[in-house]
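**Q** If you scroll down you'll find the structure; I have some questions about it.
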Amino acid sequence: MKNFFKRVGAFFKKELKTIILSVICAIVIWFAVSIQAFPNVYDHIDGVTVSAEPTAFMQKENLMITDYDKEVTVQLHGKRYVIGTLEAKDFVASLDLSGITSPGEHTVNVGLSKVQPSDDYDIVSEGLTAKVTVERIISKDIALEVNTDNLKIAEDLQIQTDGITLSSSMVTVSGEQTLVDSVARAVIEPLYSDTLTETTRISGTVSLYDANGTKIDDPKLEYIANNYSVTVPLYRVKTLPLNVSIIYPPNFDSSSLKYTIYPKEITIAAPANDLSINNLEQIDVDEINLTEITARDLQVGLKFTISLSEGYKNLSNVAVAQINFQDVDSYTRRDITVSVSNENFTFLNGDPSYDYSFVTSQLTITAIGPSNLLYNLTPDDISGTVNLLGTNSEEGVKNVTVSLRIAGQRIKAWINGDYKVDVRITQKQIEE
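Numbering-wise (my numbering), the sequence shown opens with residue 775 and increments by one.
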């Protein structure tokens, strides 16, 4: 056996050229016979490039092709020697988009043709289709916001976000509808690294965010991202108690009438360069004259508009202060008729060259206070004063204001309202 393999090896080594030549001849003969016996064959060409052109309808409706199958395989039948020389560039493939009327993913027919007409082969591909994705291109105006989180502010100052002004209030975002609809917020990011110490105008860029707060960086979205400016107002902020001043009648026991103010305090802000806020200790809401307070006012309380100096802001957004009186369930009103005479009514600051006398004989007044106190009140407890200062002293009868009071010390009731009496003025007779 060993000698056998040696003899075979020696034979191949000796006749190698003859063997190679024989193989080549056999291949050539087989190829020639195949061409004669089977002149037509089926074959395919891969990687034929597909073109996609939007229709006039799609252009009118702002429908844009965003993705599609870029290549197809072409099935052929024809002359073997011709098909063997063909390449992908010898064919034209295009999408039939005539049926597309809306955005979405569509399956469309692919049209095929030869670059060079030839009768030596046929395109036999049937039902060739491709997928195409179409998006509607839209534009949407989105209100701009400002992100001030990264700005550094001096310690005693605060940004008033409701006072921020922008060079533009809107940004127009254009692109595929699904992308544009995903934009929930457009935010200006101010570009400023120093510490703000006063109201400042600074530049910024726009960033887009979706509903989850994720930043959207998609080159398919078109919008102006730069050339924005933001004016950031700075204010000095202080929380102060509200105060109301009450003018009490003479001899009134102020400790007997307690009240509360709601809210007790509010937070206000003044421009950064206005240092007057540092001197404020309280906010004076209003001044109440107790003689103007009725029994109903005691029961339901009083409301006053909170007013601030020009340039100040009410950060608490409470525009009205409510004054509620405490422990006033027993308070009521009582009408009392008082005799008007020189015994209980007096004149002050009259012209010494004139005489003054009361024409009004009776006056019905309204007293407010605890019921037990009012019902023990008598007309003799009521007195009045007519201050003639500034009154033109001419003979005749004048209707003048009278100030009324309840006799006693630390009284807990008051006379409600304004009252007038008729006074006769006569010139004194000069004795000769």
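For every residue, glycine included, the Cβ atom is placed at its ideal position computed from N, Cα and C.
When you compare the segment 820-829 with the segment 851-866, are there three or more beta-carbon pairs, one atom per stretch, that lie closer than 8 Å?
**A** With a cut-off of 8 Å, the segment 851-866 and the segment 820-829 count as touching, because enough Cβ pairs lie within range.
**Q** To the nearest angstrom, how far is it from the Cα of residue 1147 to the Cα of residue 1038?
**A** As a first step, residue 1147 is located in the sequence shown; it is residue number 373 there, counting from the start. As a first step, residue 1038 is located in the sequence shown; it is residue number 264 there, counting from the start. Their Cα atoms are separated by approximately 32 Å.
**Q** Report the rounded CA-to-CA distance for residue 957 versus residue 985, giving the unit in angstroms.
**A** Position 183 of the sequence shown, counted from the start, is the residue given in the question as residue 957. Position 211 of the sequence shown, counted from the start, is the residue given in the question as residue 985. For residue 957 and residue 985, the distance between alpha carbons rounds to 7 Å.
**Q** May I have the straight-line CA-CA distance separating residue 811 from residue 855, to the nearest angstrom?
**A** Taking the first residue of the sequence shown as position 1, residue 811 is located at position 37. Taking the first residue of the sequence shown as position 1, residue 855 is located at position 81. Confidence at residue 811 is low in this model, with a pLDDT of 46, below 50, so the placement of that residue should be treated as unreliable; the coordinate-derived value is given next. Approximately 13 Å between the Cα atoms of the pair.
**Q** What residue does the beta strand (DSSP E) around residue 1097 start on, and which one ends it?
**A** On the sequence shown, residue 1097 is found 323 positions in, with the first residue counted as 1. First-last of the beta strand (DSSP E) with residue 1097: 1094-1099.
**Q** Taking residue 1146 as part of the beta strand (DSSP E), name the residues at either end of that continuous run.
**A** Position 372 of the sequence shown, counted from the first residue, corresponds to residue 1146. It is not in any beta strand (DSSP E) - residue 1146 instead sits in the alpha helix (DSSP H) that spans 1145-1148.
**Q** Below 8 Å, can you find three or more Cβ-Cβ pairs linking the segment 1093-1105 to the segment 1131-1141?
**A** no
**Q** Identify every residue that forms a DSSP beta bridge with residue 944.
**A** Here the question's residue 944 lines up with position 170 in the sequence shown. Per DSSP, the beta-bridge partners of residue 944 are 917.
**Q** Measuring CB to CB, does residue 946 end up less than 8 Å from residue 915?
**A** If you number the sequence shown from 1, residue 946 lands on position 172. If you number the sequence shown from 1, residue 915 lands on position 141. Yes, they are a contact pair.
**Q** What span of residues does the beta strand (DSSP E) with residue 1051 cover, start to end?
**A** Here residue 1051 refers to the residue found at position 277 of the sequence shown. Taken as a continuous stretch (DSSP letters only), residue 1051 belongs to no beta strand (DSSP E), as it is neither H nor E.
**Q** Cβ atoms of residue 1179 and residue 1024: under 8 Å apart, would you say?
**A** Sequence index remark: in the sequence shown, residue 1024 carries index 250 (1-based). Sequence index remark: in the sequence shown, residue 1179 carries index 405 (1-based). Yes, the pair counts as a contact, with Cβ atoms nearer than the cut-off.
**Q** Would you mind sorting residue 794 into buried or exposed? The rule is 16 or more other CB atoms within 10 Å of its CB.
**A** Along the sequence shown, read from residue 1 onward, the residue named residue 794 stands at position 20. Classification of residue 794: exposed, given that the 10 Å Cβ count is below 16.
**Q** Considering only the alpha carbon of each residue, which of 1172, 923, 1110 and 1143 lies closest to residue 970?
**A** Position 196 of the sequence shown, counting from 1, holds the residue named residue 970. When each option's Cα is compared against that of residue 970, the closest is 923.
**Q** Would you mind working out which of 1098, 1018 and 1140 sits nearest residue 1081, comparing C-alpha positions?
**A** Taking the first residue of the sequence shown as 1, we reach residue 1081 at position 307. Considering only alpha carbons, the answer is 1018.
**Q** Take the Cβ of residue 1190 as the centre, count every other Cβ of all protein chains shown within 10 Å, and call the residue buried at 16 or more, exposed below.
**A** Here residue 1190 is taken as the residue at index 416 of the sequence shown, counted from 1. Buried, because 16 or more other Cβ atoms sit within 10 Å of the Cβ of residue 1190.
**Q** List in chain order: all unbroken beta strand (DSSP E) runs of 3+ residues lying wholly within the segment 1067-1139.
**A** Entirely contained in the segment 1067-1139, the beta strand (DSSP E) runs reaching 3 residues are, in chain order, 1076-1079, 1094-1099, 1105-1113, 1119-1122 and 1128-1132.
**Q** If the criterion is Cβ atoms closer than 8 Å, does the pair residue 975 and residue 943 meet it?
**A** Here residue 975 refers to the residue found at position 201 when the sequence shown is read from its first residue. Here residue 943 refers to the residue found at position 169 when the sequence shown is read from its first residue. Cβ atoms of residue 975 and residue 943: not closer than 8 Å.
**Q** Let me confirm a value: residue 831 is counted as buried when at least 16 other C-beta atoms fall within 10 Å, else exposed. Which label applies?
**A** Within the sequence shown, residue 831 is the residue found at index 57, counting from 1. By the neighbour-count rule (16 or more Cβ atoms within 10 Å), residue 831 is not buried but exposed.
**Q** With respect to the alpha helix (DSSP H) encompassing residue 957, which residues constitute its N-terminal and C-terminal limits?
**A** The residue given as residue 957 occupies position 183 in the sequence shown. Where residue 957 is concerned, there is no enclosing alpha helix (DSSP H), given that its DSSP letter is neither H nor E.
**Q** Within its chain, find whatever has a CB closer than 8 Å to the CB of residue 1183; leave out the 5 residues flanking it on each side and keep chain order.
**A** Looking up residue 1183 in the sequence shown gives position 409. Cβ within range, chain order: 1025.
**Q** Tell me the rounded alpha-carbon separation between residue 1193 and residue 1061.
**A** Walking along the sequence shown from the start, residue 1193 turns up at place 419. Walking along the sequence shown from the start, residue 1061 turns up at place 287. Straight-line spacing of the CA atoms in residue 1193 and residue 1061 works out to 21 Å.
**Q** Which residue from 1103, 1115 and 1043 puts its Cα closest to that of residue 1089?
**A** One-based indexing of the sequence shown puts residue 1089 at position 315. Closest in C-alpha terms to residue 1089, from the list 1103, 1115 and 1043, comes 1043.
**Q** If you draw a straight line from the alpha carbon of residue 1051 to that of residue 1045, how long is it in whole angstroms?
**A** Within the sequence shown, numbered from 1, the residue matching residue 1051 stands at position 277. Within the sequence shown, numbered from 1, the residue matching residue 1045 stands at position 271. If you take the alpha carbons of residue 1051 and residue 1045, they lie about 9 Å apart.
**Q** Just to confirm before moving on: does the CB-CB distance between residue 1104 and residue 1145 stay below 8 Å?
**A** Here residue 1104 refers to the residue found at position 330 of the sequence shown. Here residue 1145 refers to the residue found at position 371 of the sequence shown. Inclusion of residue 1104 and residue 1145 in the CB contact set at 8 Å is warranted, their separation being smaller than that value.
**Q** Quick one: any contact between the segment 897-915 and the segment 929-936, if contact means 3 or more CB pairs under 8 Å?
**A** no
**Q** Is residue 889 near residue 870, with beta carbons less than 8 Å apart?
**A** In the sequence shown, counting from the first residue as 1, residue 889 sits at position 115. In the sequence shown, counting from the first residue as 1, residue 870 sits at position 96. Not closer than 8 Å, so no.
**Q** For residue 1065, count the other beta carbons within 10 Å of its own beta carbon; 16 or more makes it buried, fewer makes it exposed. Which is it?
**A** Indexing the sequence shown from 1 puts residue 1065 at position 291. Flag for residue 1065 reads buried.
**Q** Which one or two residues does DSSP pair with residue 1008 in a beta bridge?
**A** The residue labelled residue 1008 in the question sits at position 234 within the sequence shown. For residue 1008, which the question treats as bridged, DSSP gives the partners 933.
**Q** Any C-beta of chain C sitting closer than 8 Å to the C-beta of residue 1142?
**A** In the structure shown, chain C does not exist; there is a single protein chain.
**Q** Roughly how far, in whole angstroms, is the beta-carbon of residue 1102 from the beta-carbon of residue 1072, given that I think they are within contact range, below 8 Å?
**A** Numbered from its first residue, the sequence shown carries residue 1102 at position 328. Numbered from its first residue, the sequence shown carries residue 1072 at position 298. So it is a contact: roughly 4 Å between Cβ atoms.
**Q** Which value, in whole angstroms, describes the spacing of the CA atoms of residue 845 and residue 874?
**A** Stepping through the sequence shown from its first residue, residue 845 is reached at position 71. Stepping through the sequence shown from its first residue, residue 874 is reached at position 100. Answer to the nearest angstrom: the Cα atoms are 20 Å apart.
**Q** Considering only residues of the same chain and omitting the five flanking positions on each side of residue 1201, which have a CB-CB separation below 8 Å?
**A** Counted from its first residue, the sequence shown places residue 1201 at position 427. The beta carbon of residue 1201 sits closer than 8 Å to the beta carbons of 1127, 1128, 1129 and 1169 from its chain, once the five residues preceding and following it are set aside; these are given in chain order.
**Q** Can you list, in chain order, the residues of its chain with a C-beta nearer than 6 Å to that of residue 836? Leave out the 5 residues immediately preceding and following it.
**A** On the sequence shown, residue 836 is found 62 positions in, with the first residue counted as 1. Excluding residues within five positions, the ones whose Cβ falls inside 6 Å are 910 and 911.
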